[in-house]
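Mapped onto my numbering, the consecutive letters of the sequence shown carry residue numbers 325 to 555. Where is the CB? At the ideal position from N, CA and C, for every residue including glycine.
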Amino acid sequence: MDAARDDDAGAGPAPAKRSRRPRGPALSRDRIVAEALALVDARGLDAFSFRTLAARLGVQAMSLYNYFPSKAHLFEAMVDACLAEFMARPDTGTWQDRMRAEALALRDLALRHPGFLLYLAIFRMNSRAGLAFLERLMGVVAATGLPEEAQARYFRAVSYYVSGACIDETLGYANGPSSVAPVPEAEARRDFPRIMAAGRWWAEGQRRATFELGLDAFIAAIEADLAALRR
């Protein structure tokens, strides 16, 4: 009995069990892409790094390379995810209805992903997903029945308009750098009355109406060209 007690005493305390860190959702390509988009949209492209993304995911940065060998591969997957959001929508109706719907859907996409928009806007779209996206948009212009050259020019012109409007709304004028000595509002109203009076129509709640005004102008121009061709 005494010997047994001595043996127990000499053995020392039992080793503490190592606590396991609670596991989060399993890592996957889709989860990485979704979290990367959330990071960029919240903090901008300049804030992105594999290390920052890994911290948000609760993993080591090197584990991300098992899914994406480079930042370019990950960003292309992010482009594909954005395009998939757009392509999941139906594409029906008259060409006028489709042009409005596609342009408004692109604006909605830009507002959902403001931090990633600039990368998305200048991505060359030479992947299969990118070309399928462009082909769908070109199909809307082709449905007008315009000659091929006019289709190509209107496609480009409307693309310029939509891209520029979306970049301005999410990243541009309202969010841009300011003068170090801005003109006081009362002084501006006195000396620059026209531009100050117009400002009420540029407020955030007015932007969709302005965007649709531009779309209507393009549609009216196409309709006028079609009417001229029928004469």
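The C-beta distance from R380 to E359 rounds to 6 Å, short enough to meet the 8 Å contact threshold.
Restricted to the region 384 to 414, the alpha helix (DSSP H) segments that are unbroken, complete and at least 4 residues in length are 385 to 388 and 395 to 411, listed in chain order.
In this structure, the beta-carbon distance from V464 to M520 does not fall below 8 Å. Only residues of its own chain outside the window of five on either side were considered, and among them T534 have a CB closer than 8 Å to the CB of W525, listed in chain order.
Annotation: R367 to A466 spans about 39 Å, alpha carbon to alpha carbon. Annotated three-state conformation of R532 is helix, per DSSP. Rounded to whole angstroms, the gap between the alpha carbons of K395 and N499 is 27 Å.
Here DSSP, grouped into helix, strand and coil, assigns N499 to helix. Sequence-distant partners of S487 (beyond 5 residues in either direction) whose C-beta falls short of 6 Å from its own C-beta, in its chain, are A445.
Taking a 10 Å sphere around the C-beta of F516, we find fewer than 16 other C-beta atoms and assign the residue as exposed.
Residue environment: R353 is assigned as exposed (fewer than 16 neighbouring CB atoms within 10 Å of its CB, all protein chains considered). Look at G439 here: in three-state DSSP terms it is coil, with no helix or strand label. Counting along the chain, A350 sits inside no alpha helix (DSSP H), nor does DSSP assign it H or E at all. Looking only at A456, D432 and A429, the smallest Cα-Cα distance to D404 is reached by A456. Exposed is the label assigned to L553, since fewer than 16 other Cβ atoms lie within 10 Å of its Cβ. Of the candidates D370, P349, L495 and V482, L495 places its Cα closest to the Cα of L435.
By the C-beta density criterion, E511 is exposed, having fewer than 16 other C-beta atoms within 10 angstroms.
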